[in-house]
Each structure stands twice: as structure tokens, then as C-alpha cells.
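Notes to accompany the following structure.
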Amino acid sequence: MQASLIVLASVFAVALGGSANGDQQPKVWDALAKLRGKDALTAEQIQELYPNAVAGKDFPNNLVIAQPRAIDCGKVIPGFHADVSDPSKCQLFDRCDVNGNLTSYICPAMTLFNQITLICDYWFNVDCSQSASFVDYSNGRLYAGDKSIFLDDQLVLSGGDASGSGAPAPAPKKAKKGKKGAK
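Once you know that position 147 of the sequence shown is 147 in the UniProt record's numbering, the rest is easy, because the numbers rise by one and skip nothing.
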């Protein structure tokens, strides 16, 4: 009974908390639909599309990361940034850390960088021309420090006791050394 009340209180806290609980606008499914630029494909449509896809036509076919990189980490927020330029078209992406250091990556064939999920996703799920409008969508949470709000914080936000599932895990204990020759 008590566990049910805790779960119910957590659900209400998430539902009613608005931006206090880390909600993003637009909601993630709406944002993914906008980034995709069209309705999600059905399994049948994917099975038809996938084997007929042509590299360089349906998706970019970059084999190396072009140098020098166009991004200036001193002028953008820290985080991951899709390279929307030609010929990358989001197959390449860059990470700017909080110190201004740049690291560049290339997504595998048939995938593009998804600026919302921050992973490489199939080309039919990413309209690269929409990526720039989502730069702050997930990156804003990466380097927020102690202001980061994640699902683990819901009991604290709702005024509940955070000593349950939201408590940090205990530090691991050192392994004991066994006796020589013991099996």
C-alpha cells in the first residue's frame, strides 16, 4: 500500500511539476516528429525502403571527418552539435566540452546524428535541416551541474522522502584477497 502511494505521488509530481521537473518544450515525441520532418515510417515501409537505399543519394556517405572543422567551440554552447553543412548533412557531429575542446565523430553508414537523442539514428528518422533548431534541447541538460533535474529527483521535488529509490548507491567494498593456492 505504501509503495503504491509513493508511486502515485511520484506520477502526480511529474505530471503537475511542469518545468520544475525538467519537462522540455516541445515534448520529446513532438520534437522527434519535427526533427524527422514527416510521419514515422511503419515497419513495412522501412522493409521496403531499407534494401533500396542508395549511399550518397538517400543518405550521406562520408568516410572521413573533413578537416578543419567549421565549428568554433568558443562560440557555441558545450555539448553535441550536428554538422549540417555539405557534404556531412548530419553524418558528422562534434562535441564541444566545457573547456572549449573539440572532438569530432562520424556516424556509421545509413545513420545521421539525432540532435534530440544525441545518438546516430537511421537517416529516415532525421531531417538534417531541422537539427540546428534542437541544439539546446538535450545539450542544455548535459552541463547544468547541480541544477540538473533528472527522474531520480522526483521524490525530492514532490516533497517526499528521497531515502528510498532515489538514494545514492553505497560505495563498492574492496575485494578481499584470497589465500594463495585456494581454489
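The C-beta atom is built at its ideal place from N, Cα and C for all residues, glycine as well.
- Look at the beta carbons and you see the stretch 26-45 touching the stretch 127-144: at least three pairs across the two are nearer than 8 Å.
- For GLY37, the three-state secondary structure derived from DSSP is coil.
- Between the alpha carbons of LYS147 and ASP30 lies a gap of roughly 25 Å.
- DSSP links TYR143 through a beta bridge to no other residue.
- Distance check between ILE116 and each of LYS75, PRO108, CYS90, PHE59 places CYS90 closest, using alpha-carbon atoms only.
- Classified as buried, ASP83 has 16 or more neighbouring CB atoms from the shown chains inside 10 Å of its CB.
- Minimum Cα-Cα distance from ALA70 among the listed residues ILE119, SER88, LEU41 corresponds to SER88.
- The C-alpha of ALA33 is placed about 24 Å away from the C-alpha of ARG95.
- Under the 10 Å beta carbon count, LEU92 is surrounded by 16 or more other beta carbons and is classified as buried.
- The alpha-carbon separation between PHE113 and ILE119 amounts to approximately 6 Å.
- Sequence-distant partners of MET110 (beyond 5 residues in either direction) whose C-beta falls short of 7 Å from its own C-beta, in its chain, are ALA53, PHE59, TYR122, TRP123.
- Each of TYR137, ASN99, SER104, ALA55 was checked against the Cα of ALA66, and the nearest Cα belongs to SER104.
- With fewer than 16 other Cβ atoms from the protein chains shown falling within 10 Å of its own Cβ, SER133 counts as exposed.
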